[in-house]
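Numbering (our numbering), first residue to last: 18 to 287. In this text, a Cβ means the ideal position worked out from N, Cα and C, and glycines have one as well. Report on one structure; see the data block that follows.
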């Protein structure tokens, strides 16, 4: 059963990969439509949205030319997504729901792919997780910056980078147990479920204005009160006394040992 999955799943992941390239090409094209760009803008944003994350990963890993340049299907599929976005608005409710499910599936697959490629290149766990996230969300961030927008992954939106992080972590765990293909499957499912659930429940990370660490003037006065200063001074004195005792014990022990050792002259005389 496991061997059958190991043979069948790579073809499934390639299909998901190309579907993700198509969908992200469409997303880039939709942004170009909102910005009222021409055909060049559609093509550029589609390519960045669909391929920039994987290309950035491959450049950082330095394991050869990016796959997006060596496999003609990737560039052609991204341009197809741009053409679809130029011809149709695709802003209906069923389309948005289908895009959400498909985007979450692709997110998990790309995060797993980035993590596995990093681990196979000989890097450690943390770089694998980082490049898994970059593979999944890096293209969208570069697309947004190119269009003059703040990247959506920077906050103020439903969770997106967090599902990518979870998928990358799951991939690393399965890779540790020598089950990379099963790990990719699990990461893809988790990425899809996590993304859909976060949009449904509108989960967001707290923003900078939502929390802060504050110390009031009364709390500061209590910290600087005589009692607090006395307690701090007592603790310092106790630590110094303990170090002095340890030093005294060490010096006493060394003098005792030297006094009990006979000199070489007395030994010779005996």
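Can you find the residues in the same chain that come closer than 8 Å, C-beta to C-beta, to residue i, ignoring five residues on each side of it along the sequence?
{"i": "residue 69", "result": "155, 156, 159 and 160"}
{"i": "residue 50", "result": "59, 102, 103 and 106"}
With a CB to CB cut of under 6 Å and the five nearest residues on each side skipped, what residues in its chain are close to residue i?
{"i": "residue 129", "result": "184, 188, 201 and 204"}
Are the beta-carbon atoms of residue i and residue j separated by less than 8 Å?
{"i": "residue 42", "j": "residue 63", "result": "yes"}
{"i": "residue 148", "j": "residue 74", "result": "yes"}
{"i": "residue 39", "j": "residue 164", "result": "no"}
{"i": "residue 181", "j": "residue 208", "result": "yes"}
{"i": "residue 78", "j": "residue 135", "result": "yes"}
Return the CA-CA distance between residue i and residue j, expressed in angstroms with no decimal places.
{"i": "residue 215", "j": "residue 76", "result": "31 Å"}
{"i": "residue 266", "j": "residue 137", "result": "55 Å"}
{"i": "residue 5", "j": "residue 256", "result": "Outside the shown range of the chain (18 to 287) lies residue 5, about which nothing can therefore be said."}
{"i": "residue 146", "j": "residue 27", "result": "21 Å"}
{"i": "residue 194", "j": "residue 173", "result": "37 Å"}
{"i": "residue 120", "j": "residue 37", "result": "7 Å"}
{"i": "residue 126", "j": "residue 242", "result": "57 Å"}
{"i": "residue 222", "j": "residue 197", "result": "30 Å"}
{"i": "residue 268", "j": "residue 258", "result": "15 Å"}
{"i": "residue 89", "j": "residue 124", "result": "22 Å"}
Suppose the cutoff is 7 Å on Cβ atoms and the five residues either side in sequence are ignored; what does the same chain contact list for residue i look like?
{"i": "residue 66", "result": "41, 42, 44, 45, 156, 157 and 160"}
{"i": "residue 151", "result": "70, 73, 74 and 131"}
{"i": "residue 213", "result": "117, 118 and 121"}
Tell me where the alpha helix (DSSP H) around residue i begins and ends.
{"i": "residue 188", "result": "178-193"}
{"i": "residue 141", "result": "Segment: none, residue 141 is in no alpha helix (DSSP H) and carries neither H nor E."}
{"i": "residue 66", "result": "56-78"}
{"i": "residue 205", "result": "197-218"}
{"i": "residue 81", "result": "Premise fails: residue 81 is in no alpha helix (DSSP H) and is neither H nor E."}
{"i": "residue 89", "result": "89-104"}
Counting only runs of 4+ residues fully inside the segment 113-177, write out the alpha helix (DSSP H) ranges in chain order. 142-163
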